[in-house]
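Enquirer: Numbering follows full-length UniProt numbering, with no gaps: position 284 of the sequence shown is 284.
Heads up, the beta-carbon is just placed ideally off N, CA and C, and yes, glycines get one too.
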Amino acid sequence: MSPQATPWLKGNDDVAFVIGVILFALGIGISIALHELGHLAAAKAFKMKVTEYFVGFGPKIFSFRRGETEYGLKAIPAGGYCRIIGMTALEEVEPHETARAMYNKPVWQRVIVLSAGSLVHFILGFLILLIMAFSLGLPNIDGRASVGVISDCVSDQNPETGQLVPCAPGDPSPARDAGIQPGDEIIAVGGAATPLYTDVLEQTRDAEGPTEFTIVRDGTEQTVTVDVATVDRLPLDGGEGLESVGAIGLGQAATFHYDGLAAVPATLDFTGTMFVETFQRLLELPERIPALFTAIFGGERDVNTPVSVVGASIIGGDAVEQGLWELFLLLLATLNFFVGVFNLLPLLPLDGGHIAVNVYERVRDTVRGWRGKPRGGPVDYTKLLPLTYAAVFVGGAFVLLTLTADIVNPLRLTP
1 MSPQATPWLK GNDDVAFVIG VILFALGIGI SIALHELGHL AAAKAFKMKV TEYFVGFGPK
61 IFSFRRGETE YGLKAIPAGG YCRIIGMTAL EEVEPHETAR AMYNKPVWQR VIVLSAGSLV
121 HFILGFLILL IMAFSLGLPN IDGRASVGVI SDCVSDQNPE TGQLVPCAPG DPSPARDAGI
181 QPGDEIIAVG GAATPLYTDV LEQTRDAEGP TEFTIVRDGT EQTVTVDVAT VDRLPLDGGE
241 GLESVGAIGL GQAATFHYDG LAAVPATLDF TGTMFVETFQ RLLELPERIP ALFTAIFGGE
301 RDVNTPVSVV GASIIGGDAV EQGLWELFLL LLATLNFFVG VFNLLPLLPL DGGHIAVNVY
361 ERVRDTVRGW RGKPRGGPVD YTKLLPLTYA AVFVGGAFVL LTLTADIVNP LRLTP
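(1) Who are the Cβ neighbours of alanine 295 in its own chain at under 6 angstroms, not counting the five residues just before and after it?
(2) Just curious, the beta strand (DSSP E) that arginine 301 is in, first and last residue?
(3) For lysine 60 and threonine 334, what's the separation of their Cα atoms in angstroms?
(4) Taking just the CA atoms, how far does threonine 198 sit from proline 77?
(5) Within a Cβ cutoff of 8 angstroms, which residues of the same chain sit near leucine 242, ignoring the five residues on either side of it in sequence?
(6) Please state the DSSP three-state secondary structure of lysine 373.
(7) Taking the alpha carbon of alanine 25 as the point to measure from, which residue in Pro349, Asn358, Ser308, Leu348 has its own alpha carbon closest?
(8) When you compare the region 103–113 with the region 350–366, are there three or more beta-carbon pairs, one atom per stretch, that lie closer than 8 angstroms?
(9) Could you pull the start and end residues of the beta strand (DSSP E) that arginine 288 belongs to?
(10) What are the start and end residues of the beta strand (DSSP E) that includes aspartate 40?
(11) If you draw a straight line from the C-alpha of leucine 285 to the C-alpha of glycine 79, how long is it?
(12) Ignore the nearest five residues each way along the sequence and tell me which others in leucine 400's own chain have a CB closer than 8 angstroms to its CB.
(13) Using only the alpha-carbon positions, how far apart do phenylalanine 213 and threonine 194 sit?
(14) Which partner residues of phenylalanine 213 appear in the DSSP bridge assignment?
(15) Can you name, in chain order, every residue of its own chain whose Cβ lies under 6 angstroms from the Cβ of alanine 229, other than the five neighbours on each side?
(16) Could you give the C-beta distance for isoleucine 85 and valine 55, rounded to a whole number, given that I count them as a contact under 8 angstroms?
(17) Exposed or buried, which one is isoleucine 141 when buried takes at least 16 other CB atoms within 10 Å?
(18) At a cut of 8 angstroms, does the region 334–350 reach the region 112–120 through at least three beta carbon pairs?
(19) Helix, strand or coil: how does DSSP classify isoleucine 84 here?
(20) Given a cut-off of 8 angstroms, decide if glycine 143 and leucine 73 are closer than it, judged by their beta-carbon atoms.
(21) By the DSSP assignment, the beta strand (DSSP E) with valine 55 in it spans what residues?
(22) To the nearest angstrom, report how far apart alanine 89 and tyrosine 103 are at their CA atoms.
(23) In this structure, does DSSP put lysine 383 in helix, strand or coil?
(24) Pop quiz: leucine 129 and threonine 225 are said to be a contact at Cβ under 8 angstroms. What is the actual Cβ separation, rounded to whole angstroms?
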């Protein structure tokens, strides 16, 4: 299975695909609703007045009032909002409500309220991964040299089809004969460290005859001697012709399953990896933009280009259609981590921009206090409008670009 760019409006009425798209879009909608609920709950906990909580923008579909807050749904599913009175000092607040205005609360409370939406995304992402750890397993995204399957034999490769020749009586099975088992992690081959499965492949292909493999099984390190077989295989670099290389007959573990409490630390570790990947993808966004233009104007869609919520939903539909629920859930978790991190960028009108302003005010007033000066006034948001408009323009253009690419040349999963 690999992602490719193919038309998605192709008369595909497969029920599973449609259900997958709807489920993924629903997952996005629930994430947005919970994001705003995080702001709402934090604000009410600190006695701030919240007048509106809506999912969507534009015309109102329905609403109801409970206490001082109106809850509802609007027609355009492009986000949501939670209206807290006095988010900035520029907002006019009734005199009898000034004590409940956000700008009159301590900075630490304001920062918690502003961060609550992203925190919800991080919790959602973690919970999705935890469910995967208990059920479908966590994917081996860091390329660890963990054994997934043991082959019945090792055999030559057909140079025309690239497929391995079927096992014949007498074909060796070195890994099985040496006692290597699924779940073992290979940490060295012939004395050379193999932190990645690709390292195991390279070292094994260069080996011949009895070779020491150092493995970790159930937390215990041990060494086994494997009689490496010599077979004819295609080069790993994609070159032509067969070459004689070493092979032992095993495959990499695609997922890791955990039982009981062991799933929690494993999920925490995997979440850390996801955060690192998310930051890397954010840093790479600018260099991916030219490839989006290429895709829009008829070129091949680079599988590393970013996608909009439409593109993500299409991939989610493909995942369900092909029974790849682990990919569906991983994509939903990834989206939550990405949105949570992106929302904390110090740019207005993102929550991170408001956090930056509040932190600046606190640091500034602290420094002024050290110098014997009174607290400064609130930051004048009108002076930040040019930067805000610039951020909105760039962000809107990026969303439009990815959305266009996902409509005319979307990424699809192919079996």
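Expert: Reading off the structure:
(1) Arg301, Ala405, Asn409
(2) Counting along the chain, arginine 301 falls outside any beta strand (DSSP E), and DSSP gives it neither H nor E.
(3) Those two C-alpha atoms are separated by around 30 angstroms.
(4) 43 angstroms
(5) Asp156, Gln157, Pro159, Asp232, Arg233, Leu234
(6) coil
(7) Ser308
(8) yes
(9) Here arginine 288 belongs to no beta strand (DSSP E); instead the alpha helix (DSSP H) covers 263–296.
(10) As written in the sequence, residue 40 is leucine, which differs from the aspartate given in the question. Unbroken run through leucine 40 is the alpha helix (DSSP H), 15–45; no beta strand (DSSP E).
(11) 21 angstroms
(12) none
(13) 10 angstroms
(14) The partner list for phenylalanine 213 (beta bridge, DSSP) reads Val189, Val224.
(15) When the five nearest sequence neighbours on each side are left out, the beta carbons in the same chain lying within less than 6 angstroms of the beta carbon of alanine 229 are those of Val154, Pro172, Pro174, Ala247, in order along the chain.
(16) So it is not a contact: roughly 20 angstroms between Cβ atoms.
(17) It counts as exposed.
(18) yes
(19) strand
(20) no
(21) 50–66
(22) Going from the Cα of alanine 89 to the Cα of tyrosine 103 covers about 6 angstroms.
(23) helix
(24) The pair is not a contact, with the Cβ atoms about 38 angstroms apart (cut-off 8 angstroms).
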